[in-house]
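According to my numbering, the sequence shown holds residues 802 to 1189 in order. Here a beta-carbon is modelled for each residue, glycine too, at the ideal position from N, C-alpha and C. Bear in mind that the values here come from a model prediction, so they are computed numbers and not experimental data.
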Amino acid sequence: EWESSSHLAAWPESKRLKSALTERRKSIKYTLPGIKYEIVGTKPLSEELKMIMRDSFESIDEEKNWNGLKQIIDAREHLSAVEATSKILTLLGQGMDKSGRSSSLTPFGLEVWSIRFQLLFGLKKYKELLDEMTSFEELDAPDLFFQYHDDAKQGSMLPFALRMIHTEALVHSPLPTQAIGRVDRLISDIETILDDLSSNSAPPSHIEDWKKRLKAVVLMRIRILFVLEETELVLNAIEDLRSTVENREKDDLSFLLTRLCLMGSDEKRALDVAKETEEAEEEKKQQQDAFHAMYKGDLKKMLEIEEGCKKNSESASTINNLAIACLYNGNPLDAVSLLIEEARRCITSNESLHPIIAQNIRTISELTHATTTKTTILKELQAVLPQQ
C-alpha cells in the first residue's frame, strides 16, 4: 500500500528537519497536540448512531474507529462527529489538557486531527480550530516527516487536507492577510514537487495527482482573496486559472468571472468574458442573463428567466437562484417555500441538502415566520440542516 501511494506523501524537507537529521536528533518530540475544547452533539441521535458512538471508540482499532466516524459524518451529525474525534484522540493520549504533553504521532492520529479540523471549519468554529491548530505550528516540525522516524520512508506524515485547512483557517484569524503568504508557500512547495516528479520521469498518474492538488490550492487562494476583498487579485487569479483548463471547467470559471465583474461594476469586462461562452450549456447562459438583469435592476426579467430555468432543471442551484429572484421581487414567502420544498425532497430521497440552500432557509425564514413557526420548520428539516 505504501508503494502505491508514497508519491502522495512527497514534501520538501523543512530546514528544521534537515537540521535534526544532520545533528542526529531523532528522539525529540516537537509536535505535542491535544484537544482544547469538548464539543458534543446537541441533537438526539438515532438508536443506531447511539450504538456506534458507544461501541466504535472503546479502544484503538483503526478500521472500527474509521467506520464509526464515517457513519456519523454520513448521517450529517457533524457535532457528534467532532465528539467522536475527541474519543479517538483521547485514546491516543491527545485528549483534553494533553496539549504540550508527549504522545506518539501516527498517520492515523494525524488523519483524525485532519478530520476534526475540517469539521470545525465546516461548523464555523474558527476560534476553536485556530486554538487547536497552534500545536502544529507551521507544519515544518521534524517529527511530522516519515524520515525522522523511519529511514525507509520519505515524505510528510500530514494529510494534504490538513495543510489546506491550516492555510485557509488563517482568513478567520486576527491577522487574516497572513493566509496569502501561507497559501503562496503551499503553491510553491507543490510546484517544487511537480518539478521533481517531472525531472525523475515519474508516472503520468503521479504527476496528474499533484496537478489536481495544485488546482485545489489555486482555487483556495481565490477564495482567500475573495474573503479579503482583494477584488482585482481575484479576477486576475481566475483569468490565470481559466487559461490552464478547457471545456466545462473553463465555462464554469467564465461564468464566475462574469458575475464577479458585474458585482464590481465592470460591465464591459463581464460582457467580453460572456462572449467566450457561446458553446456553454443553455441553463448556464440563462443564469448569466439573469444575473446581468439583476445588475441592470430589471428584477422582473430576472424572475422570468429563473422561472424558465426551473421548467427545464430541478438542480439545487436553479432552485436557489429562483428563490433569490422571488425574494428580490418582494415575495419572500415564495422564496422560502421553494427552499423548504427542496429540503423535504432531500429528506425523502436521503440526499444531502446544498449548504447554501440550508443557510438561506435559516436566513429567509427569519423574515417570513414568527419564531415559533420558524422553530417548527427547522425541527422538521433538522435531518438535512447542518448543526449550529
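For residue i, name the three-state secondary structure that DSSP assigns.
i       : result
Ile836  : strand
Phe858  : coil
Ala1184 : coil
Asp1099 : coil
His879  : helix
Ser887  : helix
His1093 : helix
Leu906  : coil
Ala1117 : helix
Ala1124 : helix
Ala1075 : helix
Considering only C-alpha positions, which residue in the set the options is nearest to residue i?
i       : options                            : result
His808  : Asp997, Leu1179, Leu1186           : Asp997
Ser957  : Leu976, Leu906, Ser1002            : Leu906
Arg1024 : Glu1009, Val1035, Leu1154          : Val1035
Glu864  : Gly842, Ala876, Val883, Ile889     : Ile889
Arg1014 : Leu850, Ala942, Pro960, Ser1066    : Pro960
Lys1207 : Thr1174, Trp812, Pro1133           : No statement about residue 1207 is possible, as the shown extent of the chain runs from 802 to 1189 and does not include it.
Met1103 : Leu1128, Glu1115, Ser1116, Asp862  : Leu1128
Phe937  : Leu833, Ser1150, Phe858, Ser1166   : Leu833
Asp1067 : Thr1032, Leu1054, Arg1043          : Thr1032
Gln979  : Glu939, Asn1001, Ala1017, Lys1016  : Glu939
Ala1117 : Leu1154, Arg986, Glu1108           : Leu1154
Ser1138 : Ile1158, Glu1152, Asn1151, Ser1150 : Ile1158
Cys1110 : Ala1003, Ala1091, Val984           : Ala1091
Ile873  : Ile1148, Thr968, Leu846            : Leu846
His1093 : Asn1122, Arg1060, Leu1042          : Arg1060
Pro1187 : Ser881, Phe858, Arg825             : Ser881
Glu933  : Pro1004, Leu971, Ser806            : Leu971
Leu930  : Ser974, Val1074, Gln1160           : Ser974
Ile988  : Arg1163, Ile853, Ala1017           : Ala1017
Asn1161 : Leu1179, Ala1171, Ala885, Asp1010  : Leu1179
Asp944  : Gly910, Thr1164, Leu818, Ala1124   : Leu818
Leu1140 : Glu1152, Thr1149, Ile1165          : Ile1165
Leu892  : Ser815, Thr1149, Ser860            : Ser860
Buried or exposed, going by whether 16 or more other CB atoms sit within 10 Å of the CB of residue i?
i       : result
Ser887  : buried
Gly1098 : exposed
Leu1026 : buried
Glu912  : buried
Arg1022 : buried
Arg986  : exposed
Gly1131 : exposed
Asp1052 : buried
Gly869  : buried
Ala1038 : buried
Ser1055 : buried
Gly901  : exposed
Lys899  : buried
Leu1072 : exposed
Met852  : exposed
Thr1119 : buried
Can you check DSSP and say which residues form a bridge with residue i?
i       : result
Met1021 : According to DSSP, Met1021 bridges with nothing at all.
Met897  : Ile836
- Message: Could you tell me which whole alpha helix (DSSP H) segments of length 4 or greater appear in the segment 1126 to 1165?
- Response: Whole alpha helix (DSSP H) segments, 4+ residues: 1133 to 1150.
- Task: Return the chain-ordered ranges of every alpha helix (DSSP H) run that is complete within the segment 954 to 1011 and spans a minimum of 4 residues.
- Result: 961 to 969, 979 to 1000
- With a floor of 4 residues, list each alpha helix (DSSP H) that falls wholly inside the segment 806 to 851, ordered by position along the chain. 816 to 823
- Query: Whole alpha helix (DSSP H) runs in the segment 924 to 954 with 4 or more residues, listed along the chain?
  - Reply: For secondary structure counted as the alpha helix (DSSP H) over 4 or more consecutive residues, the segment 924 to 954 holds these complete runs in sequence order: 927 to 934, 947 to 950.
- Could you pull out every unbroken alpha helix (DSSP H) segment of at least 4 residues lying fully inside the segment 1021 to 1073, listed in chain order? Runs of the alpha helix (DSSP H) inside the segment 1021 to 1073: 1032 to 1043, 1048 to 1064.
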